[in-house]
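Scroll down for the structure; my scribbles are underneath it.
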Amino acid sequence: MSHGYGAPPGGYGAPPPPPHGFNAPSGGYGGPMGFASPPGPHGPPPGADPQLWNWFSTVDIDRSGHISATELAQALVNGDWSAFDLDTVKLLMSIFDTDRSGTIGFNEFTGLWKYIKDWQNVFRHFDRDRSGSIDGNELRDALGQFGYRLSPPLLDLLQKKYASSPGGFQTHAPGISFDRFIRACVVVKQLSEAFGRLDTDRDGWIQINYDQFMDTVLRLP
């Protein structure tokens, strides 16, 4: 199997860094992306950020002290108040469930909260027409900023795969919503890193057998 790839930015799970010197613009969205608004405070533990503890307590519906994928899925919303894509929720859990317990505790949740806020800034920066979704040109610009130079056919395939329409893979791709934008960028990053590990001579080409190919694909989220 052969293919070219761009230089992967950042460490595992880290969002691509926003372009230098920009601040996230406001306006143009139906609501806040990220967590739905919580009720009043519940009393944070010593040293905890009160606001983050408030968010955590709200999401922790069963009061177990940990957040499950189901609880997280019920709390995360896009800018139009639509629920996060379940596969994106699972991806976020896989990144921040550092002890592999199947849930995330408060410290893990703190990292997740910051991660989503960082992605909000990235999304708003590249959503230049303020539509609340990422179109093909905006996706190309975002990936290019992150160091990935995908060919036009691959960009078109990526946009269709992560299209926001509920019917799954689309023949004609609409824009990509916030949650699916996160997943698309992280998947491109992880695929590129997997390719880079196999491209030992760094020439943009690899030759692998079936078992290596399946092992690489099955290890991805």
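According to the numbering used here, the sequence shown holds residues 746 to 966 in order.
Even for Gly, the Cβ is constructed at its ideal location relative to N, Cα and C.
Values in this document were obtained by computation on a predicted structure and should not be read as measured data.
Annotated as distal: T855 and I812, with beta-carbon spacing of 8 Å or more. Rounded to whole angstroms, the separation of the alpha carbons of V804 and Q819 is 8 Å.
Using a Cβ distance threshold of 8 Å, F871 and I879 count as a contacting pair. Between P789 and G889, the alpha-carbon positions lie close to 41 Å from each other.
Annotated as proximal: L900 and G881, with beta-carbon spacing under 8 Å. Inter-residue distance for L936 and M838 is about 18 Å (C-alpha atoms, whole angstroms). The C-beta distance from D924 to D830 rounds to 5 Å, short enough to meet the 8 Å contact threshold. A buried status is given to S909, since no fewer than 16 other beta-carbon atoms sit within 10 Å of its beta-carbon. In this structure, T961 lies away from A929, with their beta-carbon atoms at least 8 Å apart. With contacts defined by Cβ atoms closer than 8 Å, Q865 and L884 do not form a contacting pair. In the three-state DSSP reduction, A828 falls in the strand class (E or B).
For P897, the enclosing alpha helix (DSSP H) stretches over residues P897 to K906. In this structure, the beta-carbon distance from L943 to I951 falls below 8 Å. For Y955, the enclosing alpha helix (DSSP H) begins and ends at Y955 to L963. When DSSP reads this structure, I921 sits in a beta bridge with I879.
Here the alpha carbon of S802 sits roughly 21 Å from the alpha carbon of S827. Taking 8 Å as the upper bound for CB-CB distance, F926 and F868 are in contact here, some 6 Å apart. A distance of 8 Å or more separates the beta carbons of L797 and V931.
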